[in-house]
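Using my numbering, you'd call the opening residue of the sequence shown number 1 and step up by one each time.
Beta carbons: idealized from backbone N, C-alpha and C, even for Gly.
In this text the structure is predicted, and so the values were computed from the model without any measurement.
The structure under discussion appears below in the form of structure tokens.
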Amino acid sequence: MSMLNRKGFVLPTVIFALTIMSVIAVVTLTTASDERRTSRASRESTLAIYAAEAGLRQTYGAWPVVAASALTPGDSLDLGWQSLPNKASFRVVIHRVDGGGLQQYAVIVQGRRTDPTAGIMTIAGAVGAVPTFRYAVSTDSALYLNNGGLFDGYDSQRGAYVAAAADSTADLRSGVTLYVAQTLVKGDALAVGALTFGTGGVVTGTKSSGTPPVALRDIIACPVGGFTPTAKVPAGSGITYNSVTGVLTVSGSGATLTLTDTSYFFSSIVVTNNAKLVFPGVPRVNIVLRDSLNASGGNVINQSLSPPSVSFSSCGTSATPAYWALSSGAYAGYFSVYAPNHVVYELGGGDFYGAIVAWIYYSTGGGRFHYDEALARQPSNRLEVQRGSWAQLPGS
Numbered sequence: 001m002s003m004l005n006r007k008g009f010v011l012p013t014v015i016f017a018l019t020i021m022s023v024i025a026v027v028t029l030t031t032a033s034d035e036r037r038t039s040r041a042s043r044e045s046t047l048a049i050y051a052a053e054a055g056l057r058q059t060y061g062a063w064p065v066v067a068a069s070a071l072t073p074g075d076s077l078d079l080g081w082q083s084l085p086n087k088a089s090f091r092v093v094i095h096r097v098d099g100g101g102l103q104q105y106a107v108i109v110q111g112r113r114t115d116p117t118a119g120i121m122t123i124a125g126a127v128g129a130v131p132t133f134r135y136a137v138s139t140d141s142a143l144y145l146n147n148g149g150l151f152d153g154y155d156s157q158r159g160a161y162v163a164a165a166a167d168s169t170a171d172l173r174s175g176v177t178l179y180v181a182q183t184l185v186k187g188d189a190l191a192v193g194a195l196t197f198g199t200g201g202v203v204t205g206t207k208s209s210g211t212p213p214v215a216l217r218d219i220i221a222c223p224v225g226g227f228t229p230t231a232k233v234p235a236g237s238g239i240t241y242n243s244v245t246g247v248l249t250v251s252g253s254g255a256t257l258t259l260t261d262t263s264y265f266f267s268s269i270v271v272t273n274n275a276k277l278v279f280p281g282v283p284r285v286n287i288v289l290r291d292s293l294n295a296s297g298g299n300v301i302n303q304s305l306s307p308p309s310v311s312f313s314s315c316g317t318s319a320t321p322a323y324w325a326l327s328s329g330a331y332a333g334y335f336s337v338y339a340p341n342h343v344v345y346e347l348g349g350g351d352f353y354g355a356i357v358a359w360i361y362y363s364t365g366g367g368r369f370h371y372d373e374a375l376a377r378q379p380s381n382r383l384e385v386q387r388g389s390w391a392q393l394p395g396s
């Protein structure tokens, strides 16, 4: 090739090389910029997750008791966006997801940062109620069955009690010692302290002493506004009630008091001399007592024959808590008792259907105690975080 034909060859070569180098430089700069944006987005997204986690933990620690308790199944409670000091924020929405019995809540939390590259990160947790009546009888102190008769179980929501088909679910739990004599327990017997047996004491299920202790039961605060008004307590022969002291007495074989409202607050109830205290059971009724329930000489009758329909609960504290006395005889008892700061005596020789929480429990009448498993599915005032419920939701 002649020198003439090679003129101008270097210039295109240099231009081509510069073009390639420019492309490489642009790609390098673009890649570096992308990496910076990716790194920033990753950092911001992580901080958004931290914000959501902070919101979840704050909700667990400061649970909106009143507002959440007002939720019905399917309802939601939006707590709105709340700011954090690091320019992040979170939003909490609580959903009640149970079918209307023992409460279950799904807690959905969104977290975000001010940077638009972070987006919104969403996590979920769960809070569930702890059954109040998980056991047939549960005490924070001692539990004594001396001529306690029979303890077995059934489920009132599945049908009436049938002796031949009774369940072995009448579990007992004592916060200190548990003594069983002249009693057949179809269920487990668990004691934080010693578990001892006297003559004729039989437990068909697990027998365990040294069970790990649990937190003491909550003592319900007494209702404000005074005791139940006199107008809500029908007058009649053998019936006396003082709305100032809150003492209700039903006495005499011909005395019958029927209470039809859904809630009552008394200082004490005394049912004696074979008198009758009657509840229709529909709608459900809750009777709150500041001091005592003494029905050892009378009858508490739930006409619905459904233990979850009638409940007796103690409230407040006292330096000298009065004992509670129950007696099932000619009429079976269908109700629950929640008295974690009282001694409860079961003196009757008849049938009792329900469950009991007490400070100390004595059963001496030789009756038949039928634990209603449906009570374990009733709403409870004690909640706990469900283990293993944390999850990051897809798309966040």
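{"Asked": "Given Arg284, which residues of its chain have a CB within under 6 angstroms of its CB, disregarding the five upstream and five downstream residues?", "Found": "Ser309"}
{"Asked": "Less than 8 angstroms between C-beta atoms, sequence neighbours within five positions excluded: which residues of the same chain meet that for Ser141?", "Found": "Ser174, Gly175, Val176, Trp359, Ile360"}
{"Asked": "Can you give me the C-alpha to C-alpha distance between Gly61 and Asn286, rounded to a whole angstrom?", "Found": "29 angstroms"}
{"Asked": "To which residues does DSSP link Tyr154 through a beta bridge?", "Found": "Asp372"}
{"Asked": "Do you know whose CA, among Pro321, Leu47, Leu326, Pro307, lies nearest Gly298's CA?", "Found": "Leu326"}
{"Asked": "So what does DSSP say about Ser380, is it helix, strand or coil?", "Found": "coil"}
{"Asked": "Got a sec? Which residues, its chain only, sit under 7 angstroms from Asn381 by beta carbon, not counting five neighbours each side?", "Found": "Asp218"}
{"Asked": "Three-state secondary structure (DSSP) at Ile219?", "Found": "coil"}
{"Asked": "Apart from the five residues just before and just after Asn146, which ones in its own chain have a Cβ nearer than 6 angstroms to its Cβ?", "Found": "Ala181, Thr364"}
{"Asked": "Could you work out which residue in Ser69, Gln104, Tyr154, Ile123 is closest to Ala52 when comparing CA atoms only?", "Found": "Ile123"}
{"Asked": "With a threshold of 16 other CB atoms inside 10 Å of the CB of Glu44, please say whether the residue is buried or exposed.", "Found": "buried"}
{"Asked": "What alpha helix (DSSP H) runs, 4 residues minimum, are completely inside the region 41-71?", "Found": "65-69"}
{"Asked": "Tell me which residue opens and which closes the beta strand (DSSP E) that Asn294 is part of.", "Found": "285-294"}
{"Asked": "Excluding five sequence neighbours on each side, which residues of the same chain lie with their C-beta closer than 6 angstroms to the C-beta of Thr132?", "Found": "Ser380"}
{"Asked": "Evaluate the contact criterion for the region 74-86 versus the region 151-159: three or more CB pairs, one atom per stretch, below 8 angstroms.", "Found": "no"}
{"Asked": "Beta-carbon within less than 7 angstroms of Ser292's beta-carbon, same chain only, minus the 5 sequence neighbours each way: which residues are those?", "Found": "Ser268, Ala322, Tyr323, Trp324"}
{"Asked": "Compute the Euclidean distance between the alpha carbons of Lys232 and Ala68, then round it to the nearest angstrom.", "Found": "30 angstroms"}
{"Asked": "Quick one: grab the DSSP three-state call for Met1.", "Found": "Confidence is the limiting factor: at Met1 the pLDDT is only 48, short of 50, which leaves the residue's position unreliable and the question unanswerable from this model."}
{"Asked": "If you reduce the DSSP assignment to three classes, tell me which class Ile139 lands in.", "Found": "Looking at the sequence itself, residue 139 is Thr, so the reference to Ile does not match. If DSSP states are grouped into helix, strand and coil, Thr139 belongs with the strands."}
{"Asked": "Assign Ala322 to one of three DSSP states: helix, strand, or coil.", "Found": "coil"}
{"Asked": "Considering only their Cβ atoms, is the gap separating Phe352 from Ala332 smaller than 8 angstroms?", "Found": "yes"}
{"Asked": "Helix, strand or coil for Lys87, going by three-state DSSP, please let me know.", "Found": "coil"}
{"Asked": "Can you tell me whether Gly388 is buried or exposed? The criterion is at least 16 other CB atoms within 10 Å of its CB, across all chains shown.", "Found": "exposed"}
{"Asked": "Taking Gly348 as the reference, which of Ser89, Ala54, Asn294, Arg377 has the closest Cα?", "Found": "Asn294"}
{"Asked": "Within its chain, find whatever has a CB closer than 6 angstroms to the CB of Met1; leave out the 5 residues flanking it on each side and keep chain order.", "Found": "Reliability fails at Met1, whose pLDDT of 48 lies under 50, so the model's placement of it is uncertain and no value is given."}
{"Asked": "Among Thr211, Ala355, Gln386, which residue has its Cα nearest to the Cα of Glu373?", "Found": "Ala355"}
{"Asked": "By Cβ distance, which residues of its chain are closer than 7 angstroms to Val282, with the 5 residues on each side in sequence left out?", "Found": "Ser304, Ser309"}
{"Asked": "From which residue to which residue does the beta strand (DSSP E) around Pro340 run?", "Found": "333-346"}
{"Asked": "On the DSSP bridge assignment, give the partners of Met21 in chain order.", "Found": "Answer is none; Met21 lacks a bridge partner."}
{"Asked": "How is the beta strand (DSSP E) around Phe265 delimited, first residue to last?", "Found": "263-272"}
{"Asked": "CA-CA distance, Val214 and Ala376?", "Found": "17 angstroms"}
{"Asked": "Just how far apart, CA to CA, sit Val130 and Val97?", "Found": "15 angstroms"}
{"Asked": "Considering only the beta carbon of each residue, do Leu47 and Ala88 sit closer than 8 angstroms?", "Found": "yes"}
{"Asked": "What's the gap between the Cα of Pro12 and the Cα of Val23?", "Found": "16 angstroms"}
{"Asked": "Can you grab the Cα-Cα spacing for the pair Ser76 / Val300, in whole Å?", "Found": "39 angstroms"}
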